[in-house]
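Here is the structure we will look at, set down as structure tokens.
Residue numbers (my numbering), protein chains in the order written: chain A, 1 to 147; chain B, 1 to 141.
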């Protein structure tokens, strides 16, 4: 059972209330596909991923990036029960999408870097630690139903 | 594998950051200590609080070494030989920590460079930091 400090709770709520899901999500997913090109294996049907510009301008990638942020929003609103929040999504990623759970961490790292660019100096080490703890919980919950 | 374009980009980025080496280096270290407390065990002999002279000077050393290495990436093994020996026989930092500091360095760069830290720059820098860490641990065993 994870324990959240007051600082961690308010930091997560604050970050997610400030970032634009339609901007950060697409940017993070596109970045993941550029920085870790092997992750493109899951997006074969998404059209042109030929280079960084193509990925950045790809509307299907953008749409999916936004979807991911709304998925994260569920954990933001249920910080004390993240594991159960993601039971079905975990099954989906395992049984239907066949995504290697190691990829979740890659996307989480890209999201951290995108949020860092958005918040600049306000993204202090302490804020980063809280954000990473939150994402680690999400990543763990998403990998839980794999067998 | 780093392309020639990427090598030039990395060298340019580090060149531009050399004047703020202390700031970037100390920021990366502080982030690592906050996010990965196990990393603090290597610094029990230092004052690693924000703004401390130890932290600033150590951060500066790290960034200047990264900048120096970036000037000729194909010669990393030669350039880093003294640091290889130091890390293998004296410091003996578990190499997992190199990944942690590399990640925090990327975050520090992103906070500093904002939109200029593009996905392409991020990819190149991630590869460079991985290569740097691999060379640093070459003499471990």
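Cβ atoms here follow ideal geometry from the backbone N, Cα and C, with glycine treated the same way. Just so we're clear, the structure is a prediction, and the values are computed from it rather than from any experiment.
Taking three-plus beta-carbon pairs below 8 Å as touching, is the segment 120–132 of chain A in contact with the segment 49–64 of chain A?
-> no
Just by C-beta distance, which residues in the segment 109–124 of chain B are closer than 7 Å to chain A?
-> Within the segment 109–124 of chain B, the qualifying residues are 110, 111, 114, 115, 117, 119, 120, 122 and 123.
Given a limit of 9 Å on CB to CB distance, which residues of the segment 91–109 of chain B reach chain A?
-> 103, 104, 106, 107, 108 and 109
So, do the segment 17–35 of chain A and the segment 98–111 of chain A have three or more beta carbon pairs nearer to each other than 8 Å?
-> Verdict: yes, contact present.
Give the secondary structure of residue 2 of chain B by DSSP, where H, G and I count as helix, E and B as strand, and everything else as coil.
-> coil
With residue 84 of chain A as the anchor, note down where its alpha helix (DSSP H) starts and where it stops.
-> 82–85
Interface residues of the segment 126–147 of chain A facing chain B [CB-CB below 7 Å] | 126, 128, 129 and 132
If you follow the alpha helix (DSSP H) that residue 62 of chain B is part of, which residue opens it and which one closes it?
-> Here the alpha helix (DSSP H) through residue 62 of chain B covers 53–70.
Could you tell me if the beta carbon of residue 139 of chain A falls within a distance shorter than 6 Å of some heavy atom in the ligand ZN?
-> Ligands in the displayed structure: none, and consequently the ligand ZN is not present.
Is it a yes or a no for the segment 79–93 of chain A touching the segment 15–26 of chain A, going by three-plus beta-carbon pairs under 8 Å?
-> no
Which term fits residue 103 of chain A, buried or exposed, when burial requires 16 or more other beta carbons within 10 angstroms of its beta carbon?
-> buried
Can you have a look at residue 7 of chain A and say buried or exposed, based on whether 16 or more other CB atoms are within 10 angstroms of its CB?
-> exposed
Where residue 112 of chain B falls, given that 16 or more other Cβ within 10 Å makes a residue buried = buried
In the structure shown, what three-state DSSP assignment does residue 72 of chain A receive?
-> Looking at residue 72 of chain A - three-state DSSP - the assignment turns out to be helix.
What residue range is occupied by the uninterrupted alpha helix (DSSP H) comprising residue 17 of chain A?
-> 6–18
So, is the C-beta of residue 113 of chain A closer than 7 Å to a C-beta in chain B?
-> yes
Given 8 Å as the limit, is there contact between the segment 124–137 of chain B and the segment 39–57 of chain B, that is, 3 or more CB pairs closer than that?
-> no
Quick one: residues in its chain with C-beta nearer than 6 Å to the C-beta of residue 145 of chain A, no 5 flanking neighbours on either side, listed in chain order?
-> 90, 91 and 94
Could you tell me if residue 69 of chain B is buried or exposed, where buried requires 16 or more neighbouring beta carbons within 10 angstroms of its beta carbon?
-> buried
If you draw a straight line from the alpha carbon of residue 12 of chain A to that of residue 130 of chain A, how long is it in whole angstroms?
-> 7 Å
Candidates A:23, A:70, A:75 and A:69, of which the one nearest residue 56 of chain A by Cα = A:23
Give the residues of chain A in contact with residue 30 of chain B, contact being defined as C-beta atoms less than 7 Å apart.
-> 125
N- and C-terminal bounds of the alpha helix (DSSP H) containing residue 126 of chain A = 125–143
Is the shortest distance between the beta-carbon of residue 41 of chain A and the beta-carbons of chain B less than 7 Å?
-> no
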